[in-house]
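**Q** So that we are looking at the same thing, I have put the structure below in C-alpha cells.
2 protein chains.
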Amino acid sequence: MAAEQDPVRLLLLKLRARDVVGAAEERALRDAVADIADVPAGRTLVRSGVTLSHSTLVVEGMLSRYKDLSEGQRQIQEIHLPGDFTDLHGFVLKRLDHNIGALTDVKIATVPHDRLKLITEEQPHLSRLLWFSTLLDSAIQREKIVSVGRRAALARVAHLFCELFVRLELIGLTEDQSFALPITQLDLGDATGLTSVHVNRMLKQLRDRELATFRGGLVRIHDWDGLRQAAEFDPAYLYLERRPR
Amino acid sequence: MAAEQDPVRLLLLKLRARDVVGAAEERALRDAVADIADVPAGRTLVRSGVTLSHSTLVVEGMLSRYKDLSEGQRQIQEIHLPGDFTDLHGFVLKRLDHNIGALTDVKIATVPHDRLKLITEEQPHLSRLLWFSTLLDSAIQREKIVSVGRRAALARVAHLFCELFVRLELIGLTEDQSFALPITQLDLGDATGLTSVHVNRMLKQLRDRELATFRGGLVRIHDWDGLRQAAEFDPAYLYLERRPR
DNA sequence: CGTCTAATTGAACGAGATCAAGACAAGTGG
DNA sequence: CCACTTGTCTTGATCTCGTTCAATTAGACG
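Okay, structure coming up:
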C-alpha cells in the first residue's frame, strides 16, 4: 500500500461521492488537522467514557469500534477504513460509549474539537456533511443489527465482505476483485457475532462454493453476484449518491 | 395517558437533560413544527428509499425503525418514544435505509427540512444539539448490536425493558416501577432478534425469577437491580449528563 | 529449531428455532 | 345473546445451527 501523504484526501473523496465540497470547505477541513501519528496494531486509541477534546481521522489502516463484555466477549460494531472519521461523534457526545482500537498498524490525523466547533459556526453546509458522515456510520451499524439479529452465519461473513469491498472500492483500495483485510479470524468472529471456529467453517464454505476466499489477510471475491445473494447485500444503506445536503 | 398539547415539550426535556437550551433556541424549535397528525397503529410512516422533505417528531405513542428481509423476517432497530425525532437523520440523508412504522396509535408533528436547514445556518449550538440527538440514536443502536450479537435471549429482553424504563422515566412516562408498552410479543421478538415463542418463554422466566412482568401491554419491574444484572445493563450509553455541546 | 499464535477439523452439546396444538380474549355479524 | 372469526399467548416436542471442548496442523519469528 502506497504511503498516504494527504490526511484529508480520502475523506474528501468520500464526501464528494455524496455532495459537492467547495474550495473553502476543503481548506477548512485541511486546516482542522492538527497532527499525524502512527499507531501499532492492537493499541486502543479511545477508551469508553473518557472525556474527549479531539477527534481522529484514519489516514491508513483499519480501526474498529468495539465493546467488551463479560467473560472476554467482544463485539465489533464497525470497521473503520482510511478516510473515516472514527470518532467524529465524540465531538458532540464528548465521550464515547465504546472503545476504538487499531485492527492493523494505522496512521491517524488528529482534529481538535475547537476547530470542529468553528466549522459548525462558520460553515453550515460543511457541518451538514460532517453530520452526514456520522449518520453514514449509523446506517452501517443499523445494517449490522440486521446481520447479527437475523442473518445466518454464512450470510453474515459474506455481508461483511461485500460491505468492505464496496467501501474500499470507493477509495481505490481494491485491486481486481480483492482487497487487503489483515485481521484474524477471531476479529472476524467479533465483527460478525460468531466464534472464530464457526467463522473458519463459513470461510471454508465460501471457498467450497467458489464465492470468495480469505487467506493471508487478503479477501478475493470470485463470484460477486453469488456472494451478494448469499449475503442478501444491498448497498443502498451506503448512500452512494450525490445530492445537495 | 394525558393528551399531549405541546409538540416540542418532551424533546426539550430530553435536550435539557444533556445541555442548556436557550429561549431563542426553544423558539426556533417551536417555529420549526409545521403541523400535527394522528396515525393509527400498524401504519408505515416512512418507507425506505423514498426522498424526504420533512422530518417527524413523536408527540405521543411509540414508533419503530425496522427493516424487512426475506421470508417475512423483520428486525426492529430502535423503538422511538414521545419526544424523539424519529427521522431527523433523514434531513441529511435525504432518504432512509429502513422503514418507520407506528407500533401503537401515535400523534406526530411534522418539521419541514427547509426549516431545519435554517436552524443549521442560524443556530450552530442548537444544530449541534440536533446532531447530538441523532447520535444518541446511534448509541442506542450500537447497544442493540451488542444485545443481538452477544447477549443470551433472557438478557436481550431484560435489556430492552431496562432501556425503555430509563428512557421513559426521563420524560415522566413511568409510574412506580412500571410503564406502558402496548405491543405484542411478536414485536418484542422483532426487537430482540428472537422468535415470539422464545420471547414468551423468556417472559415466563422473568416472571418466575420475580424480576419483571409483561402483561396487558404493561411492564412492571419487580427487582430493578436483579433485572439490571440479568441484562448487563449500564445506562452510560444514554448520555444522561449535562455538558456544553 | 522451538515457541507462540492462528487456522483447521472433529465430536458432543445446547440454546433457540421450528412445528404443532390448545387456550384465551376481543370483536363482528347473525 | 351467541356462534364464529381472528389474533395473541402459552406450552410441548423435536430439530438444527452455532457453540464448546479438544486435538492437530500451519506459519511467523526469535
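Protein sequence lines, in the order shown, are assigned to chains A and B.
Residues 87 to 331 in my numbering are what the first sequence lists, from first letter to last.
Residues 87 to 331 in my numbering are what the second sequence lists, from first letter to last.
Glycine included, every Cβ here is placed at the ideal spot set by N, Cα and C.
Run through chain B and tell me which residues come within less than 9 Å of A/Asp223, C-beta to C-beta.
**A** Ser224
**Q** Helix, strand or coil: which one does DSSP assign to A/Val285?
**A** helix
**Q** Name, please, each residue of chain B whose Cβ falls closer than 7 Å to the Cβ of A/Arg133.
**A** Those do not exist, as A/Arg133 stays about 12 Å from chain B at its closest Cβ, beyond 7 Å.
**Q** Report the option in B/Ser233, B/Arg113, B/Leu254 whose CA atom is closest to the CA atom of B/Ala244.
**A** If you compare the alpha carbons of B/Ser233, B/Arg113, B/Leu254 with that of B/Ala244, the shortest gap goes to B/Ser233.
**Q** Using 8 Å as the Cβ pair cut-off and three pairs as the minimum, do the stretch 149 to 169 of chain A and the stretch 303 to 318 of chain A touch?
**A** By the criterion of at least three beta-carbon pairs nearer than 8 Å, the stretch 149 to 169 of chain A is not in contact with the stretch 303 to 318 of chain A.
**Q** For B/Val276, count neighbouring C-beta atoms within 10 Å of its own C-beta (all shown protein chains included) and say buried if the count is 16 or more, exposed if not.
**A** Just to set this straight, residue 276 of chain B is Asp in the shown sequence, not Val. Buried.
**Q** Compare the C-alpha of B/Val145 against each of B/Phe218, B/Ile257, B/Asp117 and name the closest.
**A** B/Ile257
**Q** In terms of alpha-carbon separation, which member of A/Asp183, A/Lys193, A/Ser264, A/Leu179 lies closest to A/Asp170?
**A** Of the listed residues, the one whose Cα sits closest to A/Asp170 is A/Lys193.
**Q** State the Cα-Cα distance for the pair B/Leu138 and B/Arg95, rounded to the nearest angstrom.
**A** 24 Å
**Q** Under 7 Å between the Cβ atoms of B/Val107 and B/Leu99?
**A** no
**Q** What are the partner residues of A/Val197, as DSSP defines its beta bridges?
**A** DSSP, once it has assigned bridges, lists A/Ser141 as partnering A/Val197.
**Q** What's the call for A/Gln161, buried or exposed, on a 16-neighbour Cβ count within 10 Å?
**A** buried
**Q** Under three-state DSSP, which class holds B/Ile231?
**A** helix
**Q** Kindly indicate if chain B contains any beta-carbon less than 7 Å away from that of A/His175.
**A** yes
**Q** 7 Å is my cut-off, CB to CB: does A/Val234 come that close to chain B?
**A** yes
**Q** Can you give me the C-alpha to C-alpha distance between B/Ala195 and B/Leu204, rounded to a whole angstrom?
**A** 18 Å
**Q** Which residue marks the beginning of the beta strand (DSSP E) containing A/Val107, and which one marks its end?
**A** From DSSP, A/Val107 is part of no beta strand (DSSP E); its letter is neither H nor E.
**Q** When the Cα of B/Ala118 is compared with those of B/Ser134, B/Leu212, B/His184, which residue comes out closest?
**A** B/Leu212
**Q** Kindly list the residues whose CB is nearer than 6 Å to the CB of A/Gly187, restricted to its own chain and excluding five residues on each side of it in sequence; keep chain order.
**A** If you ignore the 5 residues before and after A/Gly187, its C-beta comes within less than 6 Å of the C-beta of Thr130, Ser150, all in its own chain and listed in chain order.
**Q** By the criterion of Cβ-Cβ separation under 7 Å, what are the contact partners of B/Asp200 in chain A?
**A** Going along chain A, no residue has its Cβ under 7 Å from B/Asp200, so there is no contact; the nearest lies around 12 Å.
**Q** Measure the alpha-carbon distance for A/Thr299 versus A/Ser219 and round it to whole angstroms.
**A** 30 Å
**Q** Which residues in chain B sit within 8 Å of A/Asp117, going by Cβ to Cβ distance?
**A** Residues of chain B passing the Cβ test: none, with the nearest at roughly 18 Å.
**Q** Going along the chain, which residues of its own chain have a beta-carbon closer than 8 Å to the beta-carbon of B/His140, five neighbours each way excluded?
**A** Ala120, Thr196, Val197, Pro198, His199
**Q** Suppose you measure from the CA of A/Gly128 to the CA of A/Gly135; what does that come to, to the nearest Å?
**A** 19 Å
**Q** Closer than 7 Å by beta-carbon distance: list the chain B residues that pair up with A/Asp183, in chain order.
**A** Ala225, Arg228, Ala322, Tyr323
**Q** Measure the alpha-carbon distance for A/Arg104 versus A/Arg253 and round it to whole angstroms.
**A** Each residue's Cα considered, the two are about 13 Å apart.
**Q** Taking Cβ to Cβ, would you say B/Arg236 is nearer than 7 Å to A/Leu155?
**A** yes
**Q** What does A/Arg329 reach in chain B if we use C-beta pairs closer than 8 Å?
**A** Lys180
**Q** Given a limit of 7 Å on CB to CB distance, which residues of the stretch 131 to 165 of chain B reach chain A?
**A** Gly135, Lys153, Leu155, Ser156, Gln159, Gln161, Gln163
**Q** Taking 7 Å as the cut-off, decide whether the C-beta atoms of A/His175 and A/Lys153 are in contact.
**A** no
**Q** Quick one: Cα of B/Leu240 to Cα of B/Thr281, how far?
**A** 12 Å
**Q** In angstroms, rounded to a whole number, what distance separates the CA positions of A/Met87 and A/Thr270?
**A** Confidence is the limiting factor: at A/Met87 the pLDDT is only 48, short of 50, which leaves the residue's position unreliable and the question unanswerable from this model.
**Q** Applying the criterion that 16 or more other CB atoms from any shown protein chain within 10 Å of the CB defines a buried residue, is B/Leu304 buried or exposed?
**A** B/Leu304 is exposed by the Cβ-count criterion.
**Q** DSSP state of B/Phe251, grouped into three classes?
**A** helix
**Q** Considering only the alpha carbon of each residue, which of B/Ala89, B/Ala322, B/Ala114 lies closest to B/Arg228?
**A** If we check each option's Cα against that of B/Arg228, B/Ala322 comes out closest.
**Q** At 7 Å on the CB atoms, spell out the chain A contacts of B/Ile275, in chain order.
**A** The residue you asked about is not Ile; residue 275 of chain B is Gly in the sequence shown. Within 7 Å Cβ-Cβ: nothing; B/Gly275 doesn't reach chain A, min ~10 Å.
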